[in-house]
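Residue numbers (this note's numbering), protein chains in the order written: chain G, 78 to 360; chain U, 771 to 1072. A virtual CB, placed ideally from N, CA and C, is assigned to each residue, including glycine. All values reported here derive from a predicted model rather than from experimental measurement. Notes follow the structure.
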Amino acid sequence: MFPTPVQKAAPWVRHAYTIILPIALTLWLLPLIGVAITSVRPSADLAAGNYFGMPSRFAGIENYTAVFRDSPIGWYILNSFKVTIPTVIGAVGLACLSGFALAVYKFRANLLIFFLFVAGNFIPFQILMVPVRDMTLRAGLYDSISGLVLFHIAFQTGFCTLFMRNFITSLPFALIESARVEGVSEWRIFRYIVLPLMRPAIAALSVLVFTFIWNDYFWATVLVQGQHAMPVTAGLYSLNGQWIAAWHLVSAGSIVAAMPPVLMFFLMQKHFIAGLTLGATKG
Amino acid sequence: MSSTVPAASGFWKRNQQRLAPWLFLAPGIIMFSIYVIIPIFQSIWISFYDWDGLGPKTWIGAANYVELLDDEAFYTSLKNNILWLVLYLLAVPAGLAVALFLNQTVAGIRLYKSLFFFPFVISQVVVGLIFTWFYAPDFGLLSALIKTLTGQNIAILADERYVTLGIIAAGLWPQIAYCMILYLTGLNNINPEQVEAARMDGARGWSLLWHIILPQLGPATFIAIVVTVIGALRSFDLVSIMTDGGPYGSSRVLSFYMYEQALSEYGYRMGYGAAIAVVLFMIMMVFITLFIVRMLMRERHA
């Protein structure tokens, strides 16, 4: 193990480490802690210039209620779910199919198609912006949830395929071979042999894609205009314009908007980190 | 009629291995082509037109690109993109440092690791708002700190000299967290026997890190650099949230300038915007190609 475990180090090093750890964390999360405290600060504190001291009283309930009551943030959150969930299902589903194809079959265009997916996943969004917006407009999907979902599914397919393909190549190929010898059809091999083994990959990918899509801001501004389809990222930004200097509300809104991916991360931590690094160790 | 069915299934049986991959790939390829591959070419095509997005397109050849050569805002954006690229790469060594710091087995370390990773999970919109508040003149925590240290009141996001640096610092926060997690996983996979053997030979500290550990972290370093470079060139959210390109366009980057030209109140210049996007795409392609070449080499080895 590197660096040397502190247990083996001198006692003072061990003690220093246990003291520095929480201090480092506090400094690291200071901006976030500030926002969390501000979100429970009464507005009178801000008016009185008490930005960083202890809140004069706990005003969390009224701030958070105000955010939900006086702004459409609840609606934005609902929109975010409506965009995110179908995208996760669609992109992961498509990637299971295409990842299987690229991992299991040898054919001439295999690597070419694989690299097309990989490269497409890294391009700047701006090169797609004008045509995708134009196409969405002409299809009558501009300013709608489905317009956003379709784009996200298509774009995420690149990353998801890379991920799934790498995962499936690490599975024991003998399993598939022996099924073929038995005369099992290709579809049944996929459905009954490979798909059950893919469960951890599906979980990891779902959490990741959920976070990516939930946090998307660019496409939400390009493909959506009105409140009715706006996800919480773009919604929060527009609210920020209305809540000038109402930092307690901005903070509460930010916390609310950040909550779902954060909960997802903490509930599925193992999968999340496996997901982020699976592509990495293989790439 | 009845005889065609077994014939067809006979054909299917014989060619299953050859056809199956294409059937599995079809939905993914179709979606990806419609929304990603074809639009790239359409954008390149549009960049040769003068087009407001609604009316007829007028072919103007390379005029958009010629105009870019004389466009001061374009150079500001390009310069800022380079600054982003260079400073953003600090996330890689910083991420390694944090990972080394946290790579211990003390009580509660798992919680520490996940809390350190936190900034990456939050939307850039929220990160942008948090840092805007952090930087706010008069009362922002960082401004207050600078004032105590230097006696000067600096409005970071309203000052042309500091604005891009301020936004990059906000971007580094989640990016360091990302690199950290890549390195933590890398450190987990390090061969302990090699480390022990090196220790026996008297290697320690820096030399152990440099000669034994870092080579084994190669894949993690590579992916950290790739995602950081791409992230730097893609930077849009933070610029849009924190300054909207201001003050006086001094914090623009290519991705933001493109958006501004094509879709904002400054006018709907789709062709000009597309030209900017093409330039950004070309820069990005250099890095994407390097990435693909390296992947190809690894595939050949495997």
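Check: Whether residue 972 of chain U touches residue 234 of chain G by CB criterion (8 angstroms); Outcome: no
Check: Test: residue 873 of chain U CB closer than 8 angstroms to a CB of chain G; Outcome: yes
Check: Residues near residue 307 of chain G in its chain [Cβ-Cβ closer than 8 angstroms; skip 5 each side]; Outcome: 153, 156, 297, 301, 315
Check: Classification of residue 263 of chain G by the beta-carbon crowding that lies within 10 angstroms, buried from 16 upward; Outcome: buried
Check: Simplified DSSP state of residue 1034 of chain U, which is helix, strand or coil; Outcome: strand
Check: Contact set between residue 317 of chain G and chain A, taken where Cβ atoms lie within less than 7 angstroms; Outcome: Judged by its chain identifiers, the structure shown contains no chain A, and its protein chains are G and U.
Check: Stretch pair the segment 932-944 of chain U + the segment 141-150 of chain G: three plus CB contacts closer than 8 angstroms; Outcome: no
Check: CB of residue 140 of chain G within 8 angstroms of CB of residue 329 of chain G, strictly; Outcome: yes
Check: Buried versus exposed call for residue 126 of chain G [16 or more other C-beta atoms within 10 Å across all chains shown]; Outcome: exposed
Check: Boundaries of the alpha helix (DSSP H) in which residue 1013 of chain U is found, first to last residue; Outcome: From DSSP, residue 1013 of chain U is part of no alpha helix (DSSP H); its letter is neither H nor E.
Check: Residues near residue 345 of chain G in its chain [Cβ-Cβ closer than 6 angstroms; skip 5 each side]; Outcome: 284
Check: Cβ pair residue 888 of chain U, residue 98 of chain G closer than 8 angstroms; Outcome: no
Check: Own chain, CB closer than 7 angstroms to residue 1010 of chain U, minus 5 neighbours either side, in chain order; Outcome: 1026
Check: Pairwise C-alpha distance: residue 267 of chain G and residue 259 of chain G; Outcome: 15 angstroms
Check: Nonlocal neighbours in the same chain, by C-beta distance under 7 angstroms from residue 1024 of chain U, ignoring five residues either side; Outcome: 847, 848, 851, 1046, 1049, 1050
Check: Chain U contact residues for residue 105 of chain G, given Cβ-Cβ distances below 7 angstroms; Outcome: 886
Check: Where residue 970 of chain U meets chain G, residues with beta-carbon distance less than 7 angstroms; Outcome: Result: empty, since nearest Cβ-Cβ is about 14 angstroms, beyond 7 angstroms.
Check: Minimum Cβ-Cβ distance from residue 980 of chain U to chain G less than 8 angstroms; Outcome: no
Check: Straight-line gap, residue 805 of chain U to residue 218 of chain G (C-alpha atoms, nearest Å); Outcome: 14 angstroms
Check: For residue 786 of chain U and residue 775 of chain U, the rounded distance between their alpha carbons; Outcome: Because the pLDDT of residue 775 of chain U is 49, which lies under 50, any placement of that residue in the model is unreliable, and the number read from its coordinates should be weighed accordingly. If you take the alpha carbons of residue 775 of chain U and residue 786 of chain U, they lie about 16 angstroms apart.
Check: Between the CA atoms of residue 310 of chain G and residue 895 of chain U - distance to the nearest angstrom; Outcome: 6 angstroms
Check: Given 8 angstroms, three or more beta-carbon pairs between the segment 972-987 of chain U and the segment 928-937 of chain U; Outcome: no
Check: Rounded straight-line distance, which links the Cα of residue 119 of chain G to that of residue 1020 of chain U; Outcome: 36 angstroms
Check: Alpha helix (DSSP H) runs wholly inside the segment 234-308 of chain G, at least 4 long, in chain order; Outcome: 251-258, 276-291, 295-300
Check: Under 8 angstroms between C-beta atoms of residue 862 of chain U and residue 994 of chain U; Outcome: yes
Check: is_contact[residue 263 of chain G, chain U] using C-beta, thresh 8 angstroms; Outcome: yes
Check: Short Cβ contact (8 angstroms threshold) for residue 160 of chain G with residue 225 of chain G; Outcome: yes
Check: Residue 317 of chain G beta carbon less than 8 angstroms from that of residue 911 of chain U; Outcome: no
Check: CB contact check: residue 1069 of chain U to chain G, cutoff 8 angstroms; Outcome: yes
Check: CA nearest to the CA of residue 844 of chain U, picked from U:1071, U:1028, U:1056, U:796; Outcome: U:1028
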